[in-house]
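Okay, structure first, notes after.
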Amino acid sequence: MELHTLAREAAVNLLKLGQTVAVAESSTAGLVSASLLAIPGASAYYAGGSVIYTRLSRKRFLTLDPALLAGLAPLSEEMVRVFADAARTSLNAEWGIAELGAAGPTGIWRTTSRAAPGFPHAPRPSPRAGRCGPRSGPTPFRPWS
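Take the numbering used here: the final residue in the sequence shown is number 504, and no numbers are missing along the way.
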């Protein structure tokens, strides 16, 4: 499914429910936010977003407990859940969306080798995206592939 189609479906549902969404995105560099903002009525459902490609940007834009991050595998489903929840919490939104990945010609999933640099026997992580919410109850998480 195309990003614009997903954004339109999310917008319709958020408007119908009167709920908001916050976005933390890495290698998509704002495309998720741009897609949500391209739908009429975005100011009613889009709480805000940030591009968190670097560690510094994650520290500045998200409130992340270092103890919570300790031991999380890079680009894992659990890391996406933590980032989505941090985006949701930081902007007081009902829903959070996070996308994590690496870009560029040497991005971690764009090479033919399956080993991560420096770890010849470790598999390369794939880019991940997911959402969490609503804030009023348990935080369900749904990964997107």
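Note that beta-carbon positions come from the ideal geometry of N, C-alpha and C, so glycine has one too. A quick note: this is a predicted structure, and the numbers were derived from the prediction, not measured.
In this structure, DSSP gives Ser-449 a helical state, which the three-state scheme calls helix.
By the CB criterion at 8 Å, Val-382 and Leu-373 fall outside the cutoff.
A check of alpha carbon separations from Met-438 across Ile-456, Ala-452, Gly-389 and Ala-403 identifies Ile-456 as the nearest.
In this chain, the beta strand (DSSP E) harbouring Ala-381 covers 380-384. Put simply, of Leu-427, Leu-428, Ala-426 and Ser-409 the residue whose alpha carbon is nearest the alpha carbon of Arg-419 is Ser-409.
A Cβ-Cβ separation of about 5 Å places Ser-394 in contact with Leu-362 under the 8 Å criterion.
Counting along the chain, Leu-362 sits inside the alpha helix (DSSP H) bounded by residues 362-376. When beta bridges are read from the DSSP output, Gly-430 appears opposite no residue.
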